[in-house]
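K.L.:
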Amino acid sequence: MKILVYGAGIVGSLFAVRLHEAGHDVSLLARGERLASLRRHGVQLAEAGSPAVRRIPVPAIDRPAGGYDLVTVLVRTHQVDSVLASLAGLDGDVLFLHNWAAGAQPLGAVIGHERVLLGFPNAAGTMDRDVVRYRAANAVTRRVAMPIGEPDGRTTPRLKRIVKAFRAAGINAKATPQMDAWLRTHAAFTVPLGQTVQAAGGPAALADDKDAVRGMLHLMRQNLAALPTPPVPRGFDALRTLPEGLLVAVLRRFLRSPTAVYSGLSNTSPAERAELERLAEQLRAYARGR
Ligand SMILES: NC(=O)c1ccc[n+]([C@@H]2O[C@H](COP(=O)([O-])OP(=O)(O)OC[C@H]3O[C@@H](n4cnc5c(N)ncnc54)[C@H](OP(=O)(O)O)[C@@H]3O)[C@@H](O)[C@H]2O)c1
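Going from the sequence shown to this note's numbering is simple: count from 1 and add 10.
#1: Figure out for me which residue from 82, 67, 260 and 39 has the closest Cα to the Cα of residue 51.
#2: Cβ-heavy atom distance between residue 86 and ligand 1 below 8 angstroms?
#3: Determine the extent of the alpha helix (DSSP H) in which residue 227 is found, giving its start and end residues.
#4: Helix, strand or coil for residue 124? Go by DSSP, reduced to three states.
#5: On the premise that residue 205 lies in contact with residue 293, defined as a C-beta separation below 8 angstroms, what is that separation, rounded to the nearest angstrom?
#6: Are residue 85 and residue 104 closer than 9 angstroms when you measure CB to CB?
#7: In whole angstroms, what separates the C-alpha of residue 248 from that of residue 269?
#8: Leaving out five residues before and five after residue 296 in sequence, what residues of the same chain have Cβ atoms less than 7 angstroms from its Cβ?
#9: Where does residue 157 fall in DSSP's three states?
#10: Evaluate residue 148 with the Cβ neighbour count: other Cβ atoms within 10 Å of its Cβ, from every protein chain shown; 16 or more gives buried, anything less gives exposed.
#11: Please find out if some non-hydrogen atom of ligand 1 comes closer than 8 angstroms to the beta-carbon of residue 54.
#12: Could you give the C-beta distance for residue 24 and residue 55, rounded to a whole number, given that I count them as a contact under 8 angstroms?
#13: Residues in its own chain within less than 8 angstroms of residue 90 by CB, not counting five upstream and five downstream?
#14: Could you tell me whether the Cβ of residue 220 comes closer than 9 angstroms to any Cβ of chain B?
#15: Look up residue 189 in the DSSP assignment and say whether it is helix, strand or coil.
#16: According to DSSP, simplified to helix, strand and coil, what is residue 176?
#17: Flag this pair as touching only if the region 182-199 and the region 121-137 have three or more C-beta atom pairs under 8 angstroms; answer yes or no.
#18: Judging by CA-CA distance, which residue of 160, 199, 69 and 138 is the nearest neighbour of residue 61?
#19: Measuring CB to CB, does residue 200 end up less than 9 angstroms from residue 256?
#20: Can you name the residues that DSSP bridges to residue 57?
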């Protein structure tokens with residue numbers, strides 16, 4: 011497949027490498043110093059905690075050129091608007107793989123509704139200067155599939171094709187029927203999580219502050235209660251139904267784990283904060299508009 015990976019940050023770089031190494035014709039779209047670095051060194055990848063850095067020469071470009079079988083958008087929530095216009099004139103399906111609680115409508119309004127697919131990346135990592143340090147898979151993360159779906163929930167031939175391409179590249183994708191509800195549920199959980207972690211100064215620091223974790227749980231419960239549908243996946247229901255003391259203990263344990271520490275939760279960049287703010291706005295607008 012001819013694939014454009016739009017956004018050469020942590021997940022975009024990692025996915026571009028996986029798809030390139032699986033034999034696809036991949037271009038990785040970057041800008042500024044990141045583009046210069048990719049052209050000089052290729053994508054530099056290392057497992058979190060490992061000194062070994064691999065350099066993979068994925069072609070880097072600064073603007074989309076021609077049509078693609080698939081464009082995967084891996085930018086932050088607040089950066090999506092700046093990307094849409096450049097995708098409007100291109101051919102090909104576009105899979106948006108990022109935090110997003112505004113639904114498919116505003117995306118399709120700019121690029122064409124028939125081109126939009128939604129998903130969320132299951133990879134995680136941090137950026138260490140120019141090196142992407144990805145979180146090694148463990149028994150838990152290996153079981154978590156990357157959800158991808160059509161906005162109307164159908165399992166179409168193109169969805170099957172895309173899932174197959176990701177799986178063949180070692181990315182555990184799964185066709186998921188209620189992607190919109192999935193993304194809103196995730197946002198309801200991730201906005202309080204991300205913002206409380208930021209305020210505390212990192213996941214481990216938050217784990218030490220039991221009251222702050224309890225406050226975060228209340229915000230998650232409020233957000234989930236404001237959703238019109240039950241959480242998707244249903245596992246998030248546990249945040250509403252299990253006893254508070256148990257959940258606080260589980261959340262504190264998670265915040266100290268390598269799964270949390272080697273993820274975007276350790277990212278204190280302005281982009282992380284801006285993304286969470288935009289996502290919170292999208293949730294508020296959704297609650298107001300219902
Ligand atoms: N990292 C994780 O552990 C993780 C895990 C799960 C989900 N996610 C989610 O996945 C999404 C992507 O995350 P990420 O960690 O890969 O983010 P990231 O490292 O910030 O990468 C985003 C990249 O897109 C680039 N970009 C933005 N607008 C652009 C434009 N108009 N033209 C060209 N490049 C542009 C950014 O460039 P600039 O730096 O120049 O802005 C940056 O390189 C986010 O929604 C994130 O929350 C991340």
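Just so it is clear, CB atoms sit at the ideal spot from N, CA and C, and this is done for glycine as well.
P.N.:
Well, looking at it:
#1: 67
#2: yes
#3: 220-236
#4: helix
#5: Not really, about 12 angstroms apart at Cβ, beyond 8 angstroms.
#6: no
#7: 20 angstroms
#8: 111 and 194
#9: strand
#10: exposed
#11: no
#12: 7 angstroms
#13: 83, 106, 108, 110 and 117
#14: Among the protein chains of the structure shown there is no chain B, as only one such chain exists.
#15: helix
#16: helix
#17: yes
#18: 138
#19: no
#20: 144
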